[in-house]
Amino acid sequence: MKTEITINGRASTIEAAPNTLLAQAIREHLQLTGTHVGCDTAQCGACTVLINGDAVKSCNVLLAQVAGCDITTIEGLQSEDGTMHPMQQAFKDCHGLQCGFCTTGMVMSAVDLCRKHPKADESMIRELLEGNICRCTGYQNIVKAVQQGATNMNT
Amino acid sequence: MGSNDFATLPHIGESVLRKEDERFLTGVGQYTDDIQLNNLVHAVFVRSPYAHANIRSINKTEALAAPGVIAIYDGQDVTQDNINGLPCGWLITDTDGQPMKEPPHPILANGKVRYVGDHVAMVIADTLEQARDAAELVEVDYDALPAIADVRDAKAEGSPQLHDEAPDNHCYKWSIGDKGEVDAAFEKADHITKIDLVNNRLVPNAMEPRAAIGCYNRASDEYTLYVANQNPHVERLLLTAFVMGLPEHKVRVIAPDVGGGFGSKIYLYAEDVCVTWAAKKLNRNIKWAADRTEAFLSDAHGRDHVTHAEMALDKDGHFLALRVQTDANLGAYLSTFSTAIPTILYATLLAGQYKTPQVYVEVDAWFTNTAPVDAYRGAGRPEATYLLERMVSRCGWELGLSQEEIRRRNFITEFPYQTPVALQYDVGDFPQCLDKATALADVAGFEARKEASKAKGLLRGLGYSSYIEACGLAPSNLAGALGARAGLFECGEVRVHPTGSVTVFTGSHSHGQGHETTFAQVVAARLGIPVENVDIVHGDTGRVPFGMGTYGSRSISVGGSAIMRAIDKIEAKAKKIAAHLLEASDTDIDFANGEFTVKGTDKSIPFAQIALTAYVPHNYPLETLEPGLNETAFYDPTNFTFPSGTYICEVEVNPETGETRVDRFSAADDFGTIINPMIVEGQVHGGLAQGIGQALMENCVYDRETAQLLTGSFMDYTMPRADDFPEFKIDHVCTPCTTNPLGTKGCGEAGAIGSPPAVINAVLDALAPLGVKDLDMPATPLRVWEAIQSAKAQ
Chain A
33 MKTEITINGR
43 ASTIEAAPNT
53 LLAQAIREHL
63 QLTGTHVGCD
73 TAQCGACTVL
83 INGDAVKSCN
93 VLLAQVAGCD
103 ITTIEGLQSE
113 DGTMHPMQQA
123 FKDCHGLQCG
133 FCTTGMVMSA
143 VDLCRKHPKA
153 DESMIRELLE
163 GNICRCTGYQ
173 NIVKAVQQGA
183 TNMNT
Chain B
2 MGSNDFATLP
12 HIGESVLRKE
22 DERFLTGVGQ
32 YTDDIQLNNL
42 VHAVFVRSPY
52 AHANIRSINK
62 TEALAAPGVI
72 AIYDGQDVTQ
82 DNINGLPCGW
92 LITDTDGQPM
102 KEPPHPILAN
112 GKVRYVGDHV
122 AMVIADTLEQ
132 ARDAAELVEV
142 DYDALPAIAD
152 VRDAKAEGSP
162 QLHDEAPDNH
172 CYKWSIGDKG
182 EVDAAFEKAD
192 HITKIDLVNN
202 RLVPNAMEPR
212 AAIGCYNRAS
222 DEYTLYVANQ
232 NPHVERLLLT
242 AFVMGLPEHK
252 VRVIAPDVGG
262 GFGSKIYLYA
272 EDVCVTWAAK
282 KLNRNIKWAA
292 DRTEAFLSDA
302 HGRDHVTHAE
312 MALDKDGHFL
322 ALRVQTDANL
332 GAYLSTFSTA
342 IPTILYATLL
352 AGQYKTPQVY
362 VEVDAWFTNT
372 APVDAYRGAG
382 RPEATYLLER
392 MVSRCGWELG
402 LSQEEIRRRN
412 FITEFPYQTP
422 VALQYDVGDF
432 PQCLDKATAL
442 ADVAGFEARK
452 EASKAKGLLR
462 GLGYSSYIEA
472 CGLAPSNLAG
482 ALGARAGLFE
492 CGEVRVHPTG
502 SVTVFTGSHS
512 HGQGHETTFA
522 QVVAARLGIP
532 VENVDIVHGD
542 TGRVPFGMGT
552 YGSRSISVGG
562 SAIMRAIDKI
572 EAKAKKIAAH
582 LLEASDTDID
592 FANGEFTVKG
602 TDKSIPFAQI
612 ALTAYVPHNY
622 PLETLEPGLN
632 ETAFYDPTNF
642 TFPSGTYICE
652 VEVNPETGET
662 RVDRFSAADD
672 FGTIINPMIV
682 EGQVHGGLAQ
692 GIGQALMENC
702 VYDRETAQLL
712 TGSFMDYTMP
722 RADDFPEFKI
732 DHVCTPCTTN
742 PLGTKGCGEA
752 GAIGSPPAVI
762 NAVLDALAPL
772 GVKDLDMPAT
782 PLRVWEAIQS
792 AKAQ
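In C-alpha cells form, the structure reads like this:
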C-alpha cells in the first residue's frame, strides 16, 4: 500500500506492506539509518522521532497510522547549512553521548521535552527522559545537555 | 618520554570535545545494521525453546518451500563443511594439574541443545520478514530433558548432565594462595567474620544489539565480516585459525561504529561464523541483526557467583587472613574468555587495598543450562570488590570500628606492594582517596541528614567501598603462564602525511569510549600539532596492522602506549631529517612544541616541513635514511595497571515500602594521568550507573526448575533510567602508573566495580536499626521489605 508523509520537510510516498512499522519505513524504505531500533518492546526510545512535533517511538507506530503526518528524524534536525540544532550542539558540548546509539532518539525526545517544558529543572528532566534508555552515560551529562539545550533553544 | 614529562604537554588534561560526536548526533554513524550492500539477504536463527533437549529430527521441507527462502542450514551442514565449534581463549588448570573440561561449543546444535536460545538452524531469505516467517516453519522435534539454571543445582548429586566431557557439570576447581598459612592464621585469630553472598547475574544490554554481515568476493576469494565487535583482530584470529580453517589474509573483519559493548561484544559468536561461512556457499552478502529478545537470550551474560568467605582478624581489627570459596556459573558452553573471569580476574584482586598477609581462594566453575557467562564491565573485579568490601564493612560493624577506621587500619601504604595473590601493585594512595571521598560526600553532615530523614519516617544509611582493579591487560608472558592462549599486547601505527597531518591506526577499538579524541590528544601533544590534524582509525583488520582490542580498561594504557612507542620512532627519524636540513648532528636536535631546534642556537624547523621533506626527499640523506614517515610499534605491558578509589553512597530507605533511593553518590578515583577529564568523568558516570543498577534493580533470572529465561526483555529486566540517580560527585587523586609511558591506569570499569558494595553497605547501614544484617543484590523494594519483615519476626 502507498502512504504519503512529509519526512524532514519533503513530501514522500512510500510503497510498503500494511504491517510496516514507521521505524522500518524510515530505516529501510527511506534509508534514514540515524533512527535506531534498540528493543522490541517500545521501552528503549532509540527510535524516537517527531510526529507533528511530538516525540514518538517509531517502532510502536505503523506507517499507515502516520499518513499525512509531518515526520522529523534526527537527519532533519540540522539547519540547511549543516549547523547542528542547538540540542545537538548541547549534547556535544556537555559530552551527553558516548556510543551514540541511543543518542539520536534521546536528542529527539529532548527537543520535544524542551519545547513543551522550556523551564524544566533537573529532576523534571530526569523524569521526562524516563522513556529513553542510555547504557553508557549514566544520564548525568544528558541531563546537563538537555538543560543547556533548553537554554540554547530559547535564545 | 617519561610519564611525568608527558603529563605536562599541551592538550594533556584538557577536556577536548569529542571528534566523533557530530556523526552520531546527526544520524550518520554507521552501525552494522545500518550498512546496506548489494546482493544482501537476511538470516534468522531458529533457537531452542527448551533449556535442555535432544533433537530427534529437523524437518526443513515446508520452510524451504516458503516464499523468498534461499537456504536453511543446521548442525549437520556445518559438520559436513568441517566448520569447528567456538574455541575458549583461556585454559585454566585444575588444582589436580589437569586441564579444565572443554566440551565442544558447536555453532549450530549437534543433536542437543543446552540453553534457551541455543542455535539450531539458520534460515536465509530475500527479506527479513520472509526469513522470520520461514524460521517458524522449521519443524524441530525435541526430546526435552531436565535442566539446571542455578549453580547450586549444577553441583547437586544426580543433577542433569550437560556434557559427556564434563562429569558432574564441573569445569574446573582452581585455587590461589597458601591454604596452610591461611588455616594457621585462622587458628590464631581473635575474631572471625563470615559472609555468604550471591553476585547476581546480569545482562550487558549494550544499546546496539549484536549484528553481523558476512560477505564473500569470488574474484579475490576474500571474506569480509562486518560485526558489532570490540576486537576485530581477535575475532578474525578465532574465526580463521580455530573455526573455519582459513588463512587470515583472506578474511577482513570490520567493526564499524559499535553501540556499546561492556564486554558482550568481545567474543566470537556462532552467528558471526554462520553468516561468514554461508556467504561463500551462497555467494550472497548475509545480514543478521539481533532483536532485543535475542540479545537477552544469546549475548554472553555477566557475574553469577555464589560465595562463602571468612576473614580472620586480630583484636585491633587488623586483617590476618582471608579464606574464600566461590562457585561460578559458566552457562552452557565456554565463551571466549569465560574461564579467566572467575579466576585470574577475580581471585587475584581479593587482597584489595589491604595488607592482608594471607589470602586463599578456591573457585569451582560449573556448567548450567543458561546462556554462556563471560566478561561484563569489570569482569571478575566487581565480584571481588563486592565480596571484599561487604566483608570489610561487616568486620567494622562487628568490631565496633567506624567504616573509615577499619579501612585505614588495613590500607597498604607502601609501594610497590606484592600481594599474596600474585599481583604487584606499583603505586597508589588509598588514604588520600578515602579522604577525598569523605570530603565529597560531606560525611560530617550525615548525622543531621539522617535525623531529617527520620523525621519523615525514612531511614538513611552511608556505605563505603574502597576498590582496586587490575587493568591494562596484560603482560603477555604472565598471561601466558596463567593460561591465556593469546598475547595481550597492542599495536599502533602512526602515519605522518606529507603536509604534516597524521593518521593513526590503532588495534584498540572505540565503542563509546572516545578514542578518536583521546588518542588524537596524545598524538597532537607529542608532535606539537593541532588535535584536528590527527585522525584515529580503528576497527578494521584491513587497515590496522594488528590489535588485541578494547576490554579490561586497557585501551589508553596499552593501545596508547603502543602509539607512544610509534611516535618515539617517528621523532627519532624526524630528528635525523632535521639534523640533515639544519646541518647538525641528530644528537644535537631538540624537539618541542612542533619545532626541531639545534641545541644552543636559534636554528629551527617546523614538524610539517620535516614531514614534507620525508616524502619529497630532494634534499635528504638518502644513503643512510629511507624516505617516508610512517612507523608501527607493538607494546607489551610489563605489569597490570591498578586504578583504585573510594566510593561513598548515601541512601534513603522507606521502611514501609522497601523503596531505596540513592540520595548522594561520591567517587574519588585514582586513574593516574588523565588525558581528557570530560571523557574520564563520563566513563565514571556510566560505570556507576551500571554498578548501582546491579545493586538495586538489575537481575537476570532463569526459572530454577525449567531454566527458562524469565527476564528476557526490557519489560522484565530493569534497566536503570535517568530518574534512578542523583547527580554523581566526582574527584580524583593522581599517582601516575609507573610502568607505562603515559602514567595512565584506565577508567572504563571503575564505576561498575566500586559501586555495588557501596550501595548495599549503605542500605544495610540504613536498615541496621531494624536488625537487618544481610541482603543480596539487587536490593529491590520487595527484597528490602522482606528483609525488614524477617528481621522483625526474629
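Protein chains in written order, with my numbering: chain A, 33 to 187; chain B, 2 to 795.
Just so you know, even glycine gets a beta-carbon here, dropped at the ideal spot from N, CA and C.
Query                                                                                                                                                                : Result
Name the residue from B:K455, B:A157, B:D300 whose alpha carbon lies nearest to the alpha carbon of N206 (chain B).                                                  : B:D300
Output, in sequence order along the chain, the residues in the segment 75 to 108 of chain A whose CB is closer than 8 Å to any CB in chain B.                        : Q75, C76, A78, T105, I106, E107
Can you list the alpha helix (DSSP H) stretches of 4 or more residues lying completely in the segment 135 to 179 of chain A, in chain order?                         : 135 to 148, 154 to 160
Straight-line CA distance for D35 (chain B) to V69 (chain A)?                                                                                                        : 10 Å
Taking 8 Å as the cut-off, decide whether the C-beta atoms of P638 (chain B) and P476 (chain B) are in contact.                                                      : yes
Please state whether DSSP places K189 (chain B) in a helix, a strand or coil.                                                                                        : coil
Taking Cβ-Cβ distances below 9 Å as the criterion, which residues of the segment 697 to 716 of chain B are in contact with chain A?                                  : S714, F715, M716
CA-CA distance, I557 (chain B) and K266 (chain B)?                                                                                                                   : 19 Å
Using only CA atoms, which one of B:F416, B:S554, B:A423, B:I214 lies nearest to K281 (chain B)?                                                                     : B:I214
Are any of the Cβ atoms in chain A nearer than 8 Å to that of A690 (chain B)?                                                                                        : yes
For chain A, find out if any of its Cβ atoms is closer than 8 Å to the Cβ of H686 (chain B); answer yes or no.                                                       : yes
Reducing DSSP to helix, strand and coil, say where C101 (chain A) ends up.                                                                                           : coil
Can you tell me which residues form a DSSP beta bridge with V70 (chain B)?                                                                                           : B:A126
Anything in chain A within Cβ reach of D732 (chain B), meaning under 7 Å, just list it in chain order.                                                               : Chain A residues near D732 (chain B): none, gap ~15 Å exceeds 7 Å.
Where does the unbroken alpha helix (DSSP H) through S466 (chain B) begin, and where does it stop?                                                                   : Premise fails: S466 (chain B) lies in the beta strand (DSSP E), 460 to 469, not in any alpha helix (DSSP H).
For N173 (chain A), would you say it is in contact with chain B, using Cβ-to-Cβ distances shorter than 8 Å as the test?                                              : yes
Compare the C-beta of H61 (chain A) with all C-beta atoms of chain B and state if any pair is closer than 8 Å.                                                       : no
I need the straight-line Cα distance from G493 (chain B) to I13 (chain B), nearest angstrom please.                                                                  : 19 Å
Since Y116 (chain B) and A52 (chain B) should fall inside the 8 Å C-beta cutoff, what is the C-beta to C-beta distance between them, to a whole number of angstroms? : 6 Å
Suppose you measure from the CA of T80 (chain A) to the CA of N92 (chain A); what does that come to, to the nearest Å?                                               : 10 Å
Considering only their Cβ atoms, is the gap separating I571 (chain B) from L630 (chain B) smaller than 8 Å?                                                          : yes
Check the Cβ-Cβ distances between Y552 (chain B) and every residue of chain A, and say whether any is below 8 Å.                                                     : no
Quick check on the DSSP output: the beta strand (DSSP E) that includes A58 (chain B) runs from which residue to which?                                               : The question names Ala, but residue 58 (chain B) in the sequence shown is Ser. S58 (chain B) -> beta strand (DSSP E) spans 54 to 60.
Relative to the C-alpha of E632 (chain B), which candidate in B:T414, B:D430, B:A148, B:V495 has its C-alpha closest?                                                : B:V495
Under a Cβ-count criterion, where at least 16 other Cβ atoms within 10 Å of its own Cβ denotes burial, should R202 (chain B) be classed as buried or exposed?        : buried
If I'm right that D589 (chain B) touches K600 (chain B) with Cβ under 8 Å, what's the distance once you round it to whole angstroms?                                 : 5 Å
Am I right that I649 (chain B) and Y387 (chain B) are in contact with their C-beta atoms under 8 Å? What's the rounded C-beta distance?                              : Going by Cβ atoms, the distance from I649 (chain B) to Y387 (chain B) rounds to 16 Å, so no, they are not a contact pair.
Taking the alpha-carbon positions, what's the R408 (chain B) to P432 (chain B) distance?                                                                             : 9 Å
My output table needs one value for T602 (chain B): the three-state DSSP class, helix, strand or coil.                                                               : coil
Looking at chain A, which residues of the segment 18 to 49 of chain B have a Cβ within less than 9 Å of any of its Cβ atoms?                                         : L18, R19, E21, D22, E23, R24, F25, L26, T27, G28, V29, G30, Q31, Y32, D34, D35, I36, Q37
For P50 (chain A), which three-state DSSP category applies?                                                                                                          : coil
What residues match up with I731 (chain B) in a beta bridge as DSSP calls it?                                                                                        : B:A668
With which residues is Q425 (chain B) paired in a DSSP beta bridge?                                                                                                  : B:Q419
Distance check for Q56 (chain A) and H686 (chain B), CA to CA, integer angstroms please.                                                                             : 33 Å
Distance cutoff 8 Å, beta carbons only. Does M679 (chain B) sit that close to anything in chain A?                                                                   : yes
Put G818 (chain B) into one of helix, strand or coil per three-state DSSP.                                                                                           : Nothing in the structure corresponds to residue 818 (chain B), since chain B is present only between 2 and 795.
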